[in-house]
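There are 2 protein chains.
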Amino acid sequence: MKDNNDMPGHLARRFQQIAVAVFLAEVGEAGFDLTPVQYAALATIKANPGLDQVTLAGLIAYDRTTITGVVDRLVQKGLAERRASSRDRRARELEITDEGRRVLRKITPAVESAQAIMLRGLSAKEGEELMRLLRKAIAAGNELSRAPLREIQA
Amino acid sequence: MKDNNDMPGHLARRFQQIAVAVFLAEVGEAGFDLTPVQYAALATIKANPGLDQVTLAGLIAYDRTTITGVVDRLVQKGLAERRASSRDRRARELEITDEGRRVLRKITPAVESAQAIMLRGLSAKEGEELMRLLRKAIAAGNELSRAPLREIQA
DNA sequence: CGATATTGATCAGTATACTGACTATCAGTA
DNA sequence: TACTGATAGTCAGTATACTGATCAATATCG
Numbered sequence: 001m002k003d004n005n006d007m008p009g010h011l012a013r014r015f016q017q018i019a020v021a022v023f024l025a026e027v028g029e030a031g032f033d034l035t036p037v038q039y040a041a042l043a044t045i046k047a048n049p050g051l052d053q054v055t056l057a058g059l060i061a062y063d064r065t066t067i068t069g070v071v072d073r074l075v076q077k078g079l080a081e082r083r084a085s086s087r088d089r090r091a092r093e094l095e096i097t098d099e100g101r102r103v104l105r106k107i108t109p110a111v112e113s114a115q116a117i118m119l120r121g122l123s124a125k126e127g128e129e130l131m132r133l134l135r136k137a138i139a140a141g142n143e144l145s146r147a148p149l150r151e152i153q154a
Numbered sequence: 155m156k157d158n159n160d161m162p163g164h165l166a167r168r169f170q171q172i173a174v175a176v177f178l179a180e181v182g183e184a185g186f187d188l189t190p191v192q193y194a195a196l197a198t199i200k201a202n203p204g205l206d207q208v209t210l211a212g213l214i215a216y217d218r219t220t221i222t223g224v225v226d227r228l229v230q231k232g233l234a235e236r237r238a239s240s241r242d243r244r245a246r247e248l249e250i251t252d253e254g255r256r257v258l259r260k261i262t263p264a265v266e267s268a269q270a271i272m273l274r275g276l277s278a279k280e281g282e283e284l285m286r287l288l289r290k291a292i293a294a295g296n297e298l299s300r301a302p303l304r305e306i307q308a
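Just so you know, the protein sequences line up as chains A and B, in that order. Using this note's numbering, you'd call the opening residue of the first sequence number 1 and step up by one each time. Using this note's numbering, you'd call the opening residue of the second sequence number 155 and step up by one each time.
Below, the structure written as structure tokens:
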């Protein structure tokens, strides 16, 4: 009979569980209160000023119903702003605030440290290989989740 | 600047997201309504009859507060039973029902198929290597989450 | 132009996960 | 035995994620 440890799904869940715990611990010790999801969203808003929520969701592969709450919390913390779009009155344009920029800058060392801790059981080479295999598996399965990754249209 | 695709945490989240979607799709097509978490819990109850909830949580690395709800739903679906323990009046002993056994048996092909689909972008060798690296990273980070894996004490 | 389809955002509902607190019970020790 | 600490389970609260529905606005095509 198959063990849990032979199930990629179980290993995926477990690795993600640890990754989130490590991220929260490192960021918390640095004095910030930001989740992995909020961090990714904020960094993506900074890199793509004025993008709408659907585009943001596509860039980080979040469900569009999840993004609503994530952006709510970023706005509530004063890290991002949500404005009505002038081109499309359905859409909301997202901008990072000065405070958001400051937090992103200060939080970076903790985030990098967290990424290292997640892989601390692996050699540098193994860490690279793990990421390569994850990227490959993810690319092949991209369309299988409700929230696939979407590039920005040129 | 670091891309999301260079962050093991982001890749972990994305891979898990796809894994859950694939599991639910395969199991759903087979006519069953069981989540990955519920499946793992049920299979573990079957393999360890009479275990209590804390032991169950340890065997699959779930938080003990999460287990309460998961077992609630298994009981509600008639797949498992929760009994008061005779040895320890705080504890609840868990048992799989005949229906639970039946579901577990019938659902296995869909579960195995899901595991294969998650890795469809990888060769057999790469899939093995991905699982090996995940196991290694997880083992090193086991104590970093609130819900570490715990073996049964002999 | 107008009917239709699509899209952006949100909402209600459900299921993980976690934090922190609480009760009941058990175990070990002074 | 009485006190203390640990443990099993649950609960309230918060944050992802998803399904499916709805509403407003835009796009498309006959």
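All C-beta atoms in this analysis are idealised placements derived from N, C-alpha and C, irrespective of residue type, glycine included.
In this structure, A/P109 lies away from B/R167, with their beta-carbon atoms at least 9 Å apart. Beta bridge pairing from DSSP links A/E151 with no other residue. Your pair B/L178 and A/R135 does not check out as a contact, with CB atoms roughly 23 Å apart and the cut at 8 Å. B/D157 counts as exposed, since fewer than 16 other beta carbons sit within 10 angstroms of its beta carbon. Taking every protein chain shown into account, the CB of B/T222 has fewer than 16 other CB atoms within 10 angstroms, so this residue is exposed. When the Cα atoms are used, B/S267 and B/Y216 turn out to be separated by approximately 24 Å. The three-state reading of DSSP puts B/D206 in strand, counting E and B together. For A/I117, the CB contacts under 6 Å within the same chain, skipping 5 residues up- and downstream, are V22 in chain order. Taking the beta carbon of B/N158 as reference, the chain A residues within 7 Å of it are A40 and I60, listed in sequence order. Around the CB of B/A278, fewer than 16 other CB atoms lie within 10 Å, so the residue is classed as exposed. B/T198 and A/S86 have their C-alpha atoms roughly 55 Å apart. B/A238 is bridged by DSSP to B/R246. A distance of 9 Å or more separates the beta carbons of A/A147 and A/R89.
The beta carbon of B/G281 sits closer than 9 Å to some beta carbon of chain A.
With its beta carbon at least 9 Å from every one in chain B, A/V71 lies outside the interface. The alpha carbon of A/A137 has as its nearest neighbour, out of B/R227, B/R274 and B/E180, the alpha carbon of B/R274.
The three-state reading of DSSP puts B/M161 in coil, since its state is none of H, G, I, E or B.
Near chain A, meaning a CB-to-CB distance below 9 Å, no residue of the stretch 219-248 of chain B qualifies.
With fewer than 16 other beta carbons inside 10 angstroms of its own, A/Q76 counts as exposed.
In the assembly as shown, A/E99 is an exposed residue. Its beta-carbon has fewer than 16 other beta-carbons within 10 Å. The beta carbon of B/G232 is closer than 7 Å to those of T251 and E253 in its chain, skipping five residues each way along the sequence. Ranking A/E26, A/R92, A/L94 and A/M131 by CA distance to the CA of B/N159 puts A/M131 first. Residue-level contact check: A/G141 touches chain B, since one or more beta carbons of chain B fall below 9 Å from its beta carbon. Cβ-Cβ distances below 8 Å link B/V257 to F186, L188, L196 and L233 in the same chain, with the five nearest sequence neighbours on each side left out; the list follows chain order.
Around B/Q269, the beta-carbon contacts reaching into chain A at under 7 Å are M7, P8 and G9. Here the alpha carbons of B/T209 and A/E151 stand approximately 44 Å from one another. Chain-ordered, the chain B residues with CB closer than 7 Å to the CB of A/I18 read I292, G295, L298 and S299. When DSSP states are grouped into helix, strand and coil, A/Y39 belongs to the helix group.
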